[in-house]
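Enquirer:
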Amino acid sequence: MNDKRHYFALSIKNTFRLRTLLALSALIQTILLTLLPYSLALLPALFFTLHSAISTLADTLTPSESPLLHRVIPGRTTAVIPSWYAGGYSNSSSGQTPLVVFHMVIGFNHPLGVLCPGGRAIASAMNGIKEVLDSKREEFGVVGWSKWMGMEREAGNKMMMVVYFRTASGLEKFAACEEHREAVEAVEGARGYVSVVHETFEAAPGRWGFVAVDSEPVLLGDGACRIMDEKGAWVWVRSLVRDEGSVVRGLLGMLGRGQERR
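If you're matching positions, the sequence shown starts at 100 in our numbering and goes up one per residue.
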């Protein structure tokens, strides 16, 4: 699905409660029944019902073809940050490089959510942040980033971006960039309608780890770094690699606590 359409759909579902969406749907159906012949007015409802039923049946009968499995990597995987210049994975296990984790949370304290005064400016500024994290990935030392949404409430949940930097100086460069300043100004313009939380962790080598089982690449496992290969060419290398062994034991080993457990 197109990313903008996907974001729009999530925004609608997060802005309005289920009963509000059902009421709007009922209102639209009532208008159609009033303006159109009965047989034509029912066509949209029948189309969406049949589409959902057929899609659900197809996914149930052929689970291996489900879109939910398209990016899933069977087995156990771990994340290793490639050396920037070493031409590959210079470390034999996960967590052997420093890492800075930045959480940026935004929520709307207004019944209309992103449709509140100043909401569109904030949405535009957030799109600018996503773009600069990609376009200046090397300059900021960004390993990867992802978007998440809370589930505490029926609607109006906070949204979060998780960004992984190689160093604290990279995070400082990002904080000083024009796109981040524009986001700060947009938040100031919507003061009272929006809440913002920044949270930062700096982990020393050997004090972080990543383990995934039968999962698509997510969080740090969805990262990548640009390195120089053996032939002197610059290439992008994914952070996710296959790993074997016990999940708990492996994670404790990454944190240097395998002996403490025994």
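Every residue gets a Cβ at the ideal spot worked out from N, C-alpha and C, and that includes glycine. Note that this is a predicted model, so its numbers are computed, not measured.
Just confirm the distance between the C-beta atoms of residue 158 and residue 165, as a whole number of angstroms; I'd bet it's less than 8 Å.
Expert: 5 Å between Cβ atoms; contact.
Enquirer: List the residues that DSSP assigns as beta-bridge partners of residue 176.
Expert: Bridge partners of residue 176: 311 and 341.
Enquirer: In whole angstroms, give me the CA-to-CA distance for residue 215 and residue 222.
Expert: Whole-angstrom Cα-Cα distance: 11 Å.
Enquirer: How big is the Cα-Cα spacing for residue 108 and residue 114?
Expert: The straight-line gap from Cα to Cα measures roughly 10 Å.
Enquirer: Could you check whether the stretch 246-255 touches the stretch 263-274, counting it as contact only if at least three pairs of C-beta atoms, one from each stretch, sit closer than 8 Å?
Expert: No, because fewer than three Cβ pairs between the stretch 246-255 and the stretch 263-274 fall closer than 8 Å, the two stretches do not touch.
Enquirer: Just how far apart, CA to CA, sit residue 263 and residue 141?
Expert: Rounded to the nearest angstrom, the two C-alpha atoms are 49 Å apart.
Enquirer: Take the Cβ of residue 331 as the centre, count every other Cβ of all protein chains shown within 10 Å, and call the residue buried at 16 or more, exposed below.
Expert: Answer is exposed; the Cβ neighbour count stays below 16.
Enquirer: Going by CA-CA distance only, name the one from 325, 337 and 112 that's closest to residue 212.
Expert: Of the candidates 325, 337 and 112, the one whose C-alpha sits nearest the C-alpha of residue 212 is 112.
Enquirer: Please state the DSSP three-state secondary structure of residue 291.
Expert: In this structure, residue 291 counts as coil in the three-state DSSP scheme.
Enquirer: Short of 6 Å in beta carbon distance, which residues of its chain neighbour residue 204, apart from the five on each side in sequence? Order them along the chain.
Expert: Counting only Cβ-Cβ distances below 6 Å, and skipping sequence neighbours, we find 257, 259 and 296.
Enquirer: Out of 208, 133 and 137, which has the shortest C-alpha to C-alpha gap to residue 252?
Expert: Residue 252 has its Cα closest to that of 208, out of 208, 133 and 137.
Enquirer: Per DSSP, which one or two residues make a beta bridge with residue 302?
Expert: Bridge partners of residue 302: 198.
Enquirer: Compute the Euclidean distance between the alpha carbons of residue 172 and residue 283, then round it to the nearest angstrom.
Expert: Those two C-alpha atoms are separated by around 38 Å.
Enquirer: Let me know if residue 333 comes out buried or exposed under the rule of 16 or more other beta-carbons within 10 Å of its beta-carbon.
Expert: Exposed, by the Cβ-count rule.
Enquirer: Rounded to whole angstroms, what is the Cα-Cα separation between residue 275 and residue 287?
Expert: Looking at the two C-alpha atoms, the distance is approximately 17 Å.
Enquirer: Identify whether residue 246 lies in helix, strand or coil by the three-state DSSP scheme.
Expert: It is a strand residue.
Enquirer: Just to check my reading of the structure: residue 242 and residue 338 have Cβ atoms closer than 8 Å, yes? What is that Cβ distance to the nearest angstrom?
Expert: Correct: roughly 6 Å between the Cβ atoms.
Enquirer: Terminal residues of the continuous alpha helix (DSSP H) containing residue 152?
Expert: Here the alpha helix (DSSP H) through residue 152 covers 142-160.
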